[in-house]
Amino acid sequence: MKKMKSFVHPYIPNSVPEVKMKMLKEIGVKNIEELYQDIPEKLRFKGALKLPEALPSEYALKKHMEDILSRNQSCKENISFLGAGCWQHYVPAICDEINQRSEFLTAYAGEPYEDHGRFQALFEYESLMGELLDLDVVNVPTYDWAQAASTTVRMAGRITGRKEILVSDTISVDRLLVIRNYCRPMVSIIMVKHHPETGLMDLDDLKSKISSNTAGVYFENPSYLGFIEPQGQKISDIAHENGALSLVGVDPISLGVLIPPSHYGADIVCGDIQCLGGHISFGGGQGGFIATRDEERFVMEFPSRLFGITKTSVEGEYGFGDVAYDRTSFGVREEGKEFVGTHAALWGITAGVYLSLLGPLGIQELGKTIMQRSQYAMKRLSEFKGVKAPLFRSPHFKEFVVDFNGSGKTVQQISKYLLLHNIFGGKDLSQEFPGLGDCALYCVTEVHTKEDIDKLINALGDCLG
Amino acid sequence: MPWVIVWVKETVKMKTKKAKVRNFHQAKWDEPVIFELSTKGERGILVPEAEKEIEEHIGDGIGVIPEQMRRKKPPALPEVAQMRVLKHFLRLSQHCLGADLNVDIGQGTCTMKYSPKINEEFVRSSQVAELHPLQDESTVQGALEIMYKLDLYLRGISGMDWFSFQPGGGSQAILTMASIIHAYHEWQGESSQRDEIITTIFSHPSDAAAAAVKGYKVITLYQGGDGLPEVEALRKAVSERTAGLLITNPEDTGIFNPRIAEFTKIVRDAGGLCGYDQANANGILGITRANEADFDMCFFNLHKTFSSPHGCGGPATGALGVRKELKDFLPVPVVEYDEEKYFLNHDLPHTIGKVRSFLGVFPAVLRAYAWIMSLGAEGLKEVAHIAVLNNNYILEKVKKLRGASAPFAKGRHRIEQVRYSWQDLSKDTGVTTEDVTLRMADFGFHLWSSHHPFIVPQPFTIEPTESYSKEEIDEYLAGLEKVTEEAYEDPDKVKNAPYSSVVHRIDHSTLDDPEKWAVTWRAYLKKHKGQK
């Protein structure tokens, strides 16, 4: 008898020729090709895949990958003031210790009987977020803030039976692009102006645009541009008076020092959890949350998994499982609410670990130190002639717009100069908000030491002369 | 060189070990909910306080917050010391069987393959973990190179012309395909007329659901006697209202539709676009492609076929490929190369905008790239071959299990998975799929039923991938055999399972009752413990 012998890759155990032969024999075929009997000749790919030569030894692969990755410069060896929805915060060692556990990293969709821990960890995540937000219902994470906001808007449309959403025009343009695509052609988006001096929502403009077609008013607090919007209750009241919902996007890490949106009338709250124990990972650490009150009319409109606590057949034992599964697309396909699939669960578990570590005092102290450091940065930046920080005359949290219009240099020139000094300047806003001219969005968190900020100031001093 | 097949004459006798289930018991810590571990005053981590000079300059920093916006009462998070937080979540992890511990072949449709550990080292390095998506392009050339090259590789694997890695999972990739279909017809001036999308019942639920998000009426083709959607049914379904087709192949039954090119032709002739859901691509890598079947676009799940770990349900990537005619509709930005440097192109005239923030889930892109680099062209084909070999081996064995069957395509081979049925077992013994899945947990295994609706009665779906050795597969099969034997001999034993799991049978009634469901601990305390 002839036998096949071939190279056996470590990832493919049954390439062992003897094993292969044995399995073929069990199936009753001579070769693997016979198993593809249903794929007609004309659909067959004839050529060889155009791929580089394989690097099957782990060492060779490691060398190759390290070589490519060495062409990156990270925020570890540089000082970065980039934020704009992806924020550099300190990641406690235990967050990574937990999220790299094989048990969590490689689990997927098991039943509570194999994956009780996954259900409990995500239930705890929901519960911890519930405390932060002072709301009773929080979803298993969706993709990111942009998706969370998109779903928030669509939920409002379904709850009210209306098809227009008013959105504050200080929202991130990228986030708005996601929302627009997600809503088209079912829900239309109308922008509400801001006051140019303070950044705050122009309530007159809101009142002039809100109508019986309005499903909800969406705004962010702190806003994308960093300022705190103190008119939350007024905006919510205007929405409610018109039969619309108040929809608020929030940076959860601000909620040690800022009241949660549920305290100023928000009906649906959303945002990103990357800041809660997640790395920036070139934008791969994002995860979105959506939260509401525990009312059936809200709960039944969530597309996401909602893990709930229940009992089991053994007295006193906690069990966990899906709440109202039949509202999901897993249950009823296109009759479900939007869709559910693979989103960002691991970052939910991570955020749960983070909030457990931080505790009530930690979240307060964190908010305080971020406020102090960002104000210090603004104060120092404002010392330069022709530089205004913040641009908007409002209190800010973590991020702020720096106005370089009077400095004689463009944001691009400044950022280029800073880069030479191992500093990543804030995000250039000239594309997103052309009306602002040469402005940049700077982000300062607890990771920015006084020394880091002073280095920025010194480099800017040299740059601006 | 390594993949050259050599024919040798001698035979080597392999010992056959009789597979048996193991005497398993999952860890059971009876672990409380984190809030129950709280002791006032304990700290899990301290944050870096502002330096003295900053404090002197700024004061407490929070005085500037308008009074009505100040949070005075801190959120009621638990207060737990660091080691206890660690211990708590480690215990929860032990209450979870990932693919690394499980023979995770019972989660059909999900391609639970090995996620190489070396790739975790890469994504956790500071060159990835501490990379900001808005950095100057000159500082992220390595990351952009990986994205660009993976795009090239996937072009080869699919025959498509351009990829986007922005979608954060398969469902979001389906939404992106539906969005492109919509934008395309809008550009053609036909978006209001073309308001129907066609899919099949054995395609993923999101093929129907994401189309509905874009406002489409969904037409679902059901299977004919051979388990496949029928060409005649499609002919009747298409019209001037057809916007597009969203379909998997092989479908979740593991049956490859040999007439798929007729399907795409019928839809294209009717003016629709064809989107290929390639969530089930693991058995056809290097064998057949979206291009040969005349699709306009397709997507691969990098967290399934291309080895990025599933992470309890994400983060993930649905890598979306389109023909060059549709490149201008892709979400922005796309990564390009000008022979000197890699750069982001935000300027696509018909772009649908964005579907996810920034550039998608780069760590998943990186892992897929590294996985392909490790295997190469022949290796990818070997992945497909062995995935199909393993699947058909299991098919032969499951068919022989008492009470199990593999509906449709009798006598045919399958591609990478099979949707089986316990209908006979259920009729004979009263033991349902759910009962079997719970009993399998006692042997350290997961068995998933299937997506709804249960067209196949008492369904279960097994997809072995290329990752598990024959011995592991045999052990899993021994588990199934043991449960079926028990079902016939002592059905109550199965119906009362599990016995060796972390928990016992869960009361689902609470979870569907608005008066009783509790999605958070605070809701639980209010609804079940009488707290205000």
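Protein chains in written order, with this note's numbering: chain C, 255 to 719; chain R, 3 to 534. Virtual Cβ for every residue (Gly too), placed ideally from N, Cα, C. Please read these numbers as outputs of a predicted model, since none were measured by experiment.
For Thr-222/R, the first and last residue of its enclosing alpha helix (DSSP H): Note, Thr-222/R: premise wrong, no alpha helix (DSSP H); beta strand (DSSP E) at 219–223.
Endpoints, the alpha helix (DSSP H) within which Pro-365/R is located: 364–401
Near Arg-627/C, which residues of its chain fall below 6 Å by C-beta distance, leaving aside the five closest residues on each side in sequence? Val-698 and His-702
Skipping 5 residues on each side, what residues in its chain have a beta carbon closer than 8 Å to that of Leu-223/R? Ile-200, Thr-201, Thr-202, Ile-203, Pro-231, Glu-232, Ala-235, Leu-236 and Ala-239
Excluding the 5 residues flanking Ala-402/C on each side, which residues of the same chain have their C-beta closer than 7 Å to its C-beta? Thr-396, Cys-524, Gly-525, Gly-542, Phe-543 and Ile-544
7 Å Cβ shell around Lys-30/R - same chain, five flanking residues per side excluded: Val-504
First and last residue of the alpha helix (DSSP H) that includes Pro-207/R? 207–215
Applying the criterion that 16 or more other CB atoms from any shown protein chain within 10 Å of the CB defines a buried residue, is Tyr-313/C buried or exposed? exposed
Only counting the same chain, and skipping five residues up and downstream in sequence, which positions put a Cβ closer than 6 Å to that of Thr-178/R? Pro-169, Leu-322 and Val-357
DSSP three-state call for Asn-104/R: helix, strand or coil? coil
Under 8 Å between C-beta atoms of Val-420/R and Ile-464/R: yes
Using a C-beta cutoff of 8 Å, does Pro-484/C count as contacting chain R? yes
For Val-421/C, the residue or residues it bridges with in DSSP: Met-445/C and Tyr-472/C
Are there 16 or more other CB atoms within 10 angstroms of the CB of Gly-226/R, so buried, or fewer, so exposed? exposed
I'd like to know if the stretch 261–274 of chain C and the stretch 361–381 of chain R are in contact, where contact means that at least 3 CB-CB pairs between them fall below 8 Å. yes
Counterpart residues of Val-420/R in DSSP-defined beta bridges: Ile-464/R
Within chain C, partners of Gly-171/R - CB distance below 8 Å: Tyr-397, Gly-595, Thr-596 and His-597
Answer yes or no: does any C-beta atom of chain C fall closer than 8 Å to that of Gln-533/R? no
Any C-beta of chain C under 8 Å from that of Val-505/R: yes
6 Å Cβ shell around Leu-714/C - same chain, five flanking residues per side excluded: none
Chain-order list of residues whose beta-carbon lies under 8 Å from that of Glu-338/R (same chain, five-residue window excluded): Tyr-150, Tyr-344, Phe-345, Leu-346 and Asn-347
Helix or strand or just coil, what does DSSP make of Lys-531/R? coil
Leaving out five residues before and five after Gly-381/R in sequence, what residues of the same chain have Cβ atoms less than 6 Å from its Cβ? none
If the criterion is Cβ atoms closer than 8 Å, does the pair Asn-284/R and Glu-418/R meet it? yes
Would you check if there are 3 or more beta carbon pairs closer than 8 Å linking the stretch 584–600 of chain C to the stretch 508–522 of chain C? no
Within this structure, are the beta carbons of Leu-457/C and Ser-648/C separated by less than 8 Å? no
Residues in its own chain within less than 8 Å of Asp-296/R by CB, not counting five upstream and five downstream? Ala-263, Thr-266, Lys-267, Arg-270 and Cys-276
Residues that Trp-164/R bridges to, as DSSP identifies them: Val-324/R
Other residues of its chain near Gln-533/R: CB distance less than 7 Å, five sequence neighbours each side excluded: Leu-527
For the stretch 407–418 of chain R against the stretch 480–495 of chain R, are there 3 or more C-beta pairs whose distance is under 8 Å? no
Amino acids of chain R, ordered along the chain, whose beta-carbon sits closer than 7 Å to that of Val-273/C: Lys-472
Since Tyr-608/C is in the alpha helix (DSSP H), which residue starts that stretch and which ends it? 599–636
Identity of the residue in Asn-435/C, Ser-465/C and Ala-338/C nearest Glu-495/C by Cα: Ser-465/C
Counting only runs that start and end within the stretch 311–385 of chain C, where is the alpha helix (DSSP H) found for 4 or more residues in a row? 312–323, 347–353 and 356–359
What residues in the stretch 276–306 of chain C bring their beta carbon closer than 8 Å to a beta carbon of chain R? Lys-276, Met-277, Leu-278, Glu-280, Ile-281, Gly-282, Val-283, Ile-286, Glu-288, Leu-289, Tyr-290, Gln-291, Asp-292, Ile-293, Pro-294, Lys-296, Leu-297, Arg-298, Phe-299, Ala-302, Leu-303, Lys-304, Leu-305 and Pro-306
Please report the Cβ distance between Gly-355/R and Val-432/C, rounded to the nearest whole angstrom; I am assuming they are in contact, meaning their Cβ atoms lie under 8 Å. 7 Å
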